[in-house]
Amino acid sequence: MVYCGKASQGCQNCRTRRIKLSLMFRDESSKVIQKAHAQWGGPHSATSPTSSSSSSSSDSSSPPPILENESPIRGTTSTSSLVARHDVRPMSIDLSVGPNLDERGLQFYITRYLMNHPDAPIGPDGTVIYVPQHDALQNVQIAVGLAGLGNMRSDSQLTMLSRQRYIMSLRETGALIASTPRTEVQTIGSAIRSIVTMALYEVVHGSSTRISAGTANVHINGAVALLKSVLPMSHLPDGGSRVVLQVLFSLFIPSQMTETPLAPAFFECLKVCQDNLEGSPERVCVDLAMTTARLVQFSSILVKQRLSDGSPAVEANLKQLLTLRAACDRLEKRLWETYPYGEKHDPSLPAIAVWHGKYHLYTEIWSARIWNHFRWARILILESLLRLSANYPVTGSLYVPDETRAEILGTVKKMATDTLISTPSHWHHPILDKQTAKMIEASSKGGTGAVGLPTLLWHLKVAACAPGLGDEAYDWVYSVMQVVWKDMGMHHARLISGFMDEHKIGVEKAALNRILKLEDEEEADDDDDGY
Numbered sequence: 003m004v005y006c007g008k009a010s011q012g013c014q015n016c017r018t019r020r021i022k023l024s025l026m027f028r029d030e031s032s033k034v035i036q037k038a039h040a041q042w043g044g045p046h047s048a049t050s051p052t053s054s055s056s057s058s059s060s061d062s063s064s065p066p067p068i069l070e071n072e073s074p075i076r077g078t079t080s081t082s083s084l085v086a087r088h089d090v091r092p093m094s095i096d097l098s099v100g101p102n103l104d105e106r107g108l109q110f111y112i113t114r115y116l117m118n119h120p121d122a123p124i125g126p127d128g129t130v131i132y133v134p135q136h137d138a139l140q141n142v143q144i145a146v147g148l149a150g151l152g153n154m155r156s157d158s159q160l161t162m163l164s165r166q167r168y169i170m171s172l173r174e175t176g177a178l179i180a181s182t183p184r185t186e187v188q189t190i191g192s193a194i195r196s197i198v199t200m201a202l203y204e205v206v207h208g209s210s211t212r213i214s215a216g217t218a219n220v221h222i223n224g225a226v227a228l229l230k231s232v233l234p235m236s237h238l239p240d241g242g243s244r245v246v247l248q249v250l251f252s253l254f255i256p257s258q259m260t261e262t263p264l265a266p267a268f269f270e271c272l273k274v275c276q277d278n279l280e281g282s283p284e285r286v287c288v289d290l291a292m293t294t295a296r297l298v299q300f301s302s303i304l305v306k307q308r309l310s311d312g313s314p315a316v317e318a319n320l321k322q323l324l325t326l327r328a329a330c331d332r333l334e335k336r337l338w339e340t341y342p343y344g345e346k347h348d349p350s351l352p353a354i355a356v357w358h359g360k361y362h363l364y365t366e367i368w369s370a371r372i373w374n375h376f377r378w379a380r381i382l383i384l385e386s387l388l389r390l391s392a393n394y395p396v397t398g399s400l401y402v403p404d405e406t407r408a409e410i411l412g413t414v415k416k417m418a419t420d421t422l423i424s425t426p427s428h429w430h431h432p433i434l435d436k437q438t439a440k441m442i443e444a445s446s447k448g449g450t451g452a453v454g455l456p457t458l459l460w461h462l463k464v465a466a467c468a469p470g471l472g473d474e475a476y477d478w479v480y481s482v483m484q485v486v487w488k489d490m491g492m493h494h495a496r497l498i499s500g501f502m503d504e505h506k507i508g509v510e511k512a513a514l515n516r517i518l519k520l521e522d523e524e525e526a527d528d529d530d531d532g533y
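Under our numbering, read the sequence shown as residues 3 to 533, first letter to last.
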């Protein structure tokens with residue numbers, strides 16, 4: 003039995019059931035997580051975990067409500083359908099009356115994490131819609147909604163309920179994977195979407211960016227392993243390459259943050275995409291993924307090395323970074339040929355939402371995301387080159403002279419600035435009205451909602467902290483993080499703000515140390531002159 007969600011403190015039965023649930027959750031959750039993770043990508047004959055659909059029936063038997071002022075699309079036969087327009091957003095949510103907590107969680111997910119995003123699902127008539135999902139996927143959507151709502155309200159009960167829904171989805175997804183033949187593409191697709199949404203849950207709910215990134219990494223690797231078992235997807239024109247590449251690209255940031263090497267399944271899936279796209283201009287996406295993978299692998303090794311100036315290891319690392327820099331130069335030319343975009347300037351747009359009134363015009367959100375992946379990787383490569391050459395100046399001066407350093411700084415600033423300008427293509431600031439947001443967004447048919455938002459936020463963080471960009475950019479990105487946290491309850495945004503604070507303190511401390519060092523050197527020179 004599940005807590006009914008009523009606000010009355012006098013409901014003794016509900017309070018008793020809630021305590022029992024809490025104890026059961028504490029004892030069982032870690033076991034379920036371990037078991038479900040072990041099944042990702044497992045063989046079809048694997049033993050499926052016990053489905054918990056019966057335990058969820060008391061909460062989910064009633065259909066979710068139609069959102070305010072809306073009606074279902076004509077022709078929809080399911081009584082549990084939810085339909086929402088692009089501009090629907092409840093001003094407040096009162097938990098004491100109306101729909102139960104599961105319905106509130108799903109409503110919050112739909113309005114804050116699915117609709118009102120450039121990648122919202124679009125119906126045949128062009129309206130933004132929500133289509134009822136498989137139980138496993140809908141449960142994790144409820145979990146994301148409850149987690150975001152719980153964060154916004156600082157409500158530990160909602161947080162606990164979100165975790166329970168997450169555990170339930172783990173069980174159901176594991177059972178779905180174990181019981182579904184790999185030829186049933188639609189059902190496998192639901193399982194993959196469920197796994198990816200679990201990764202989203204980790205960054206919405208998580209209390210530690212590194213831990214959340216690590217768990218999200220586990221989920222995404224599970225999705226990669228599952229994709230590997232169904233490739234190529236013959237029912238899709240590109241063999242499913244875009245679907246696969248989108249999942250593969252989402253691995254880079256958690257792998258880089260946790261210093262975890264990419265799994266062999268990553269490169270196996272990438273090889274399938276390479277074969278599918280051979281001869282196509284979109285092959286550039288595969289080459290970008292390979293270059294970024296080399297960066298991630300290199301970074302995981304570099305951080306563990308103990309180097310000394312003038313050593314062969316420093317020289318080898320600088321050469322490798324210069325090779326990656328040259329690869330980025332070539333990739334940029336190919337990206338312009340395959341995914342050209344324009345830049346517009348409208349000073350009347352709100353500065354808090356649109357950087358200096360500038361925005362990009364991409365043909366679709368896919369190309370906008372590919373460009374941002376490129377910018378992020380290029381910034382990291384060039385920053386590593388600058389840092390390594392500065393830390394080991396004897397060797398560094400040979401490979402990165404002052405003229406080259408100035409060129410690199412200029413490129414970093416351009417990549418970081420373009421990342422800021424591209425923001426409205428990926429995310430709608432709440433201050434933008436529907437018409438303006440639609441005008442400056444990148445069009446999409448993917449329907450994944452906010453799944454790409456955590457990646458965008460990390461790209462923005464890297465851009466804001468890039469050398470040479472200045473305090474104005476830093477403050478603008480910091481404001482974006484605060485808006486996402488307050489509007490969506492995404493803990494990832496709040497934690498990134500903390501990272502940015504730490505970075506700024508570190509930069510200021512380093513600047514102070516440089517000043518003190520110069521003063522010490524000047525005093526030493528004065529003492530020498532006195533003798």
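Using N, Cα and C, we set each Cβ at its ideal position, and we do this for glycine too.
Residue burial classification, residue i (beta-carbon count within 10 angstroms, cutoff 16)
i: Thr-450; result: buried
i: Ile-303; result: exposed
i: Arg-167; result: buried
i: Arg-380; result: buried
i: Asn-141; result: buried
i: Gln-188; result: exposed
i: Gln-307; result: exposed
i: Lys-463; result: buried
i: Gly-470; result: exposed
i: Gly-412; result: exposed
i: Thr-293; result: buried
i: Asn-223; result: buried
i: Val-453; result: buried
i: Pro-352; result: exposed
i: Pro-456; result: buried
i: Glu-105; result: buried
i: Met-26; result: Residue confidence is low: Met-26 scores 40 on pLDDT, short of 50, so the model does not pin down where it sits. No coordinate-derived value is stated.
i: Gly-448; result: buried
Extent of the continuous alpha helix (DSSP H) run through residue i
i: Tyr-168; result: 158-181
i: Ile-255; result: 254-260
i: Thr-199; result: 187-207
i: Cys-534; result: A question about residue 534 goes unanswered here, because the residues of the chain that appear run from 3 up to 533.
i: Thr-413; result: 404-423
i: Ser-243; result: 243-251
i: Trp-460; result: 455-466
i: Gly-294; result: Going by the sequence as given, residue 294 is Thr instead of Gly. Unbroken alpha helix (DSSP H) run through Thr-294: 285-304.
i: Gly-449; result: Segment: none, Gly-449 is in no alpha helix (DSSP H) and carries neither H nor E.
i: Pro-395; result: 395-401
i: Asn-319; result: 314-340
i: Gln-437; result: 436-442
Residue j beta carbon less than 7 Å from that of residue i
i: Ala-295; j: Leu-337; result: no
i: Ile-383; j: Leu-326; result: yes
i: Ser-257; j: Val-298; result: yes
i: Ala-218; j: Glu-204; result: yes
i: Ser-171; j: Ala-201; result: no
i: Asn-118; j: His-430; result: yes
i: Leu-422; j: Ala-465; result: yes
i: Ser-427; j: His-362; result: yes
i: Ser-490; j: Gly-241; result: It is worth fixing the name first, because residue 490 is Met in this sequence and not Ser. Not closer than 7 Å, so no.
i: Asn-374; j: His-461; result: yes
i: Ala-225; j: Val-246; result: no
i: Ile-131; j: Pro-123; result: yes
i: Ser-446; j: Ile-367; result: yes
i: Ala-177; j: Lys-230; result: no
i: Gly-107; j: Leu-148; result: yes
i: Ala-468; j: Val-509; result: no
i: Val-232; j: Ile-190; result: yes
i: Gln-159; j: Tyr-111; result: no
Inset, instruction - For the region 344-370, list the alpha helix (DSSP H) runs that are entirely contained and at least 4 residues long, ordered along the chain. - result: When DSSP assignments are scanned along the region 344-370, no uninterrupted stretch of alpha helix (DSSP H) that is 4 or more residues long falls wholly within it.
Legend entry - Start-end ranges of the alpha helix (DSSP H) lying completely within the region 109-146, minimum 4 residues: Contiguous alpha helix (DSSP H) elements confined to the region 109-146 do not occur, taking only those with 4 or more residues.
Legend entry - Stretch-stretch touch, CB-based, cutoff 8 Å, three pairs: the region 390-401 with the region 310-327: Segments in contact, yes.
Inset, instruction - Mind the definition here: the region 478-493 touches the region 402-417 only if three or more C-beta pairs lie below 8 Å; say whether that holds. - result: Here the region 478-493 makes no contact with the region 402-417; the two share fewer than three CB pairs at distances below 8 Å.
Inset, instruction - Taking only runs that begin and end inside the region 474-512, name each unbroken beta strand (DSSP E) of 3 or more residues, in chain order. - result: Within the region 474-512, no run of beta strand (DSSP E) reaches 3 residues while sitting entirely inside it.
Legend entry - Contact the region 272-290 vs the region 342-361: 3+ CB pairs below 8 Å: The region 272-290 makes no contact with the region 342-361: fewer than 3 CB pairs, one atom from each, lie closer than 8 Å.
Inset, instruction - Please determine if the region 431-448 and the region 464-480 are in contact, where contact requires at least 3 C-beta pairs separated by less than 8 Å. - result: In this structure the region 431-448 does not lie against the region 464-480, because fewer than three pairs of beta carbons, one per stretch, are closer than 8 Å.
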